[in-house]
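The structure appears below as structure tokens.
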Amino acid sequence: MNTIIQLKNVTKEYKVVQHEKGIVPTMLSLFHRKYEIKKAINDVSFEIKKGELVGYVGANGAGKSTTIKMLTGILVPTEGTLLVHNAVPYKNRKENAKKIGVVFGQRTQLYWNLPMEETFDLFKRIYKIEDKRFKENVGFFVELLEMNSFLRTPVRQLSLGQRMRAELVVSLLHDPEILYLDEPTIGLDVSIKRKIRSFIREINKERNTTVILTTHDMDDIEAVCNRIITIDKGALVFDGSLDQFKNKYSNGNVLIIDFLENTPKQLDSRIRIVKEEGTKKWLWYDKDIISTAEAITLITRNHEIVDIQVQEPTIEAAMYEIYKFQSDKEKNKDRLLV
Amino acid sequence: MGYLDLYFTFIKLRIMGVAEYRKSFFMGVLAQFFSYASEILLVWLIMKQFKSINGWGAYEVTILYTINLGSYALAGFLFFTPCNQISSMVKNGSFDEVLTKPLNNLLYLICRDFNTAYISHLLLSLFVIAYSLNALAIPIDISSIAYIIVIFLSGALIQAAGLIVTSVPAFWVVENSGIKEIFFFEFKSFVKYPISIYHKSIQIILTMVLPYAFINFFPVQVLLKKNDYVGFNHSLPYISPLVGVFCFTIAYLFWKKGINNYSSTGS
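Keeping their order, the protein sequence lines are chains A and B. For the first sequence, the positions run 1 to 338 when this note's numbering is used. For the second sequence, the positions run 1001 to 1267 when this note's numbering is used.
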């Protein structure tokens, strides 16, 4: 597989005007402004190969959108090398744009008061898509995303879920090699989210499209991606597979057990009770120290139980771990229970 | 021609969408028409009272005025909305979309956002020019029509350059309306009248710094067989097209520089 995206020590700085409080400092700032250099992206390096499904995650303001905007050629990096298809995106905007599809979840590319088909037609012309390919693509996407019923409805009358599906189609009509999705599932209901997730996977499978997805919904990542890149305050924190990610940041599993009667406070030195609700208890254990099977055997041997549930580490919990870790660096095992 | 095809597609979309705001479209065109028509009438009435200023008669001044207006209409039809909305596009980050299209970004904006209201300016100025030429007994033949077309095009290039140059600062300072108001609209209003009535310093600025005098004052000299060059070389009317191309090139380079300074917004 060949490398399609390459970042080497990329930094992006913004000049931010410092606003002071009060009328006098504000008046003075008309003549003399204080600037602060803010690093939105700080020395980030990674490579992405053709056909990968990459989840790009981080808290609000971590620098996700800035990275996507540099990759799409919108922003100019302050330092470092950033190559897409072996070219610098902002210097080759037109060439770069032909090979990428972009969806910004908070923006629209559709013509507001016309049916989406008109926008499709416009994109056909903008990207100079051949007739045959255009028809095939529209047919395929519309079928896959179940959009037939609202093709002729003016875009402003569509629901968010319907509109977002149209945005996806528009970004894929010209068979881009890379698809950038910046929060495509924001504000959507579960069934639409599922449709969109399976659609992304399908496109990746059928056409080997490289997908870079930013989202705050960890279920998106779990359902779509096979690699996860995490940034925090502009710096790369993690880059690897989903399983590696979960193991690294949340090495604990949790058993939720409903006991028949109240149990003693201490079960075993390797298992800790982290939460209680009457006879229902949340038990935390480290998989490296005691296996799930062993933990269950140990408990059922000494106590009668009504119900048992095993909670695997989720990405959600792992993400939370990162955010927490970054903010208070103090380790505290209890926070695993979210 | 890919852009021409795209341009017609956008016109089609505009017509399809225009049903939504047909009334506002016609109201806009009418309002523009009457506001400029009354201004031209005012100029003409004042000139009628004075008979002439610095040797320029009423109809000569209306020609000056409408060549400025007509070439502005041509420039505005294509460039006004793209330039005018840069500030808001920078504010709300919608310029992102422009930069992710496989097209020249300025041409894309021109195709997408042409401003139909300028049709009224153009028709009005063509009508007034024809009427004034007739009143001055200047024949409207192939050579004078060709000359007016050239003046219009070079004037439009200068005005388009003015619109672009005063809009690009929005990429740095976000709010550029003051810059545009002073350096485009206010300064350009000097050339509504023959620049020979102003102080020498203003004449020099309008020729060498903000070359708005090349829109109408210099080229009109040949059309009206005037000899009012305020001390400048008599070949200046003929370099108007060059001035236009030069200004537009500078403006375009400045535009490209501005774009790389675009900083988008968080989302």
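Backbone N, C-alpha and C define an ideal beta-carbon position, used for all residues, glycine too. Please read all numbers here as calculations on a predicted model, not as lab measurements.
Closer than 8 Å to chain B by CB, residue i
i: Y14 of chain A; result: yes
i: L110 of chain A; result: no
i: G73 of chain A; result: yes
i: V102 of chain A; result: yes
i: N113 of chain A; result: yes
i: K69 of chain A; result: yes
i: E118 of chain A; result: yes
i: R107 of chain A; result: yes
i: N9 of chain A; result: no
Neighbour list for residue i in chain A, Cβ cutoff strictly below 7 Å
i: G1002 of chain B; result: K128
i: L1107 of chain B; result: Within chain A, no residue comes near L1107 of chain B; the closest Cβ sits about 11 Å away, beyond 7 Å.
For residue i, the residue or residues it bridges with in DSSP
i: I212 of chain A; result: A:V54 and A:Y180
i: R253 of chain A; result: A quick correction: the sequence has Asn, not Arg, at residue 253 of chain A. In the DSSP output, where bridge partners are listed per residue, N253 of chain A has A:Y285.
i: T11 of chain A; result: A:E79
i: E47 of chain A; result: A:Q6
i: T230 of chain A; result: A:V57 and A:F238
i: Y35 of chain A; result: A:V17
i: M276 of chain A; result: According to the sequence as given, residue 276 of chain A is Glu; it is not Met. According to DSSP, E276 of chain A bridges with A:K281.
i: P115 of chain A; result: A:P154
i: W1044 of chain B; result: Its beta-bridge partners do not exist; DSSP assigns none.
i: D131 of chain A; result: Paired residues: none, contrary to the question.
i: G1057 of chain B; result: B:S1052
i: G101 of chain A; result: A:L179
i: F259 of chain A; result: A:I305
i: D268 of chain A; result: A:I271
i: I41 of chain A; result: A:K12
Assigned secondary structure, residue i (DSSP; H/G/I helix, E/B strand, else coil)
i: T3 of chain A; result: strand
i: N1084 of chain B; result: helix
i: Q157 of chain A; result: helix
i: F1171 of chain B; result: helix
i: T72 of chain A; result: coil
i: V84 of chain A; result: strand
i: G1017 of chain B; result: helix
i: V1230 of chain B; result: coil
i: A1075 of chain B; result: helix
i: F1114 of chain B; result: coil
i: N1260 of chain B; result: coil
i: G63 of chain A; result: coil
i: A1135 of chain B; result: helix
i: D307 of chain A; result: strand
i: R993 of chain B; result: There is no way to answer for residue 993 of chain B, as the model of chain B reaches only from 1001 to 1267.
i: P1194 of chain B; result: coil
i: K204 of chain A; result: According to the sequence shown, residue 204 of chain A is Asn rather than Lys. Reduced to three states, the DSSP call for N204 of chain A is helix.
i: N96 of chain A; result: helix
i: P313 of chain A; result: coil
i: C225 of chain A; result: coil
i: Q106 of chain A; result: coil
C-beta neighbour in chain A for residue i, strict 8 Å
i: T1081 of chain B; result: no
i: D1096 of chain B; result: yes
i: G1017 of chain B; result: yes
i: S1125 of chain B; result: no
i: L1210 of chain B; result: no
i: S1263 of chain B; result: yes
Partner residues on chain B for residue i, Cβ-Cβ distance less than 9 Å
i: A97 of chain A; result: L1099, T1100, K1101, P1102 and L1103
Within chain B, the residues that residue i reaches when beta carbons sit closer than 7 Å
i: V76 of chain A; result: N1260
i: L122 of chain A; result: T1009 and L1013
i: R93 of chain A; result: L1099
Interface residues of chain A facing residue i [CB-CB closer than 8 Å]
i: D1005 of chain B; result: R125
Short CB-CB distance (under 8 Å) between residue i and chain D
i: L1253 of chain B; result: The structure shown has no chain D; the protein chains it does contain are A and B.
Beta-carbon neighbours of residue i, restricted to chain B and to distances below 8 Å
i: Y90 of chain A; result: N1260
i: K205 of chain A; result: Result: empty, since nearest Cβ-Cβ is about 25 Å, beyond 8 Å.
Just checking, does the region 188-202 of chain A make contact with the region 215-231 of chain A on the three C-beta pairs under 8 Å criterion? Taking 8 Å as the limit for Cβ pairs, the verdict is that the region 215-231 of chain A does touch the region 188-202 of chain A.
Check whether the region 35-49 of chain A and the region 151-162 of chain A are in contact - that is, three or more C-beta pairs closer than 8 Å. When Cβ pairs closer than 8 Å are counted between the two stretches, the region 35-49 of chain A is seen not to touch the region 151-162 of chain A, the count staying below three.
Validate contact between the region 1123-1135 of chain B and the region 1069-1079 of chain B using beta carbons, cut 8 Å, 3 pairs: Touching, yes.
Any 3 or more C-beta pairs closer than 8 Å across the region 1249-1267 of chain B and the region 1160-1175 of chain B: Cβ pair count under 8 Å is three or more, so yes.
Below 8 Å, how does it come out for the region 1173-1180 of chain B and the region 1079-1091 of chain B: are there three or more Cβ pairs, yes or no? Contact between the region 1173-1180 of chain B and the region 1079-1091 of chain B is present: three or more C-beta pairs spanning the two stretches fall below 8 Å.
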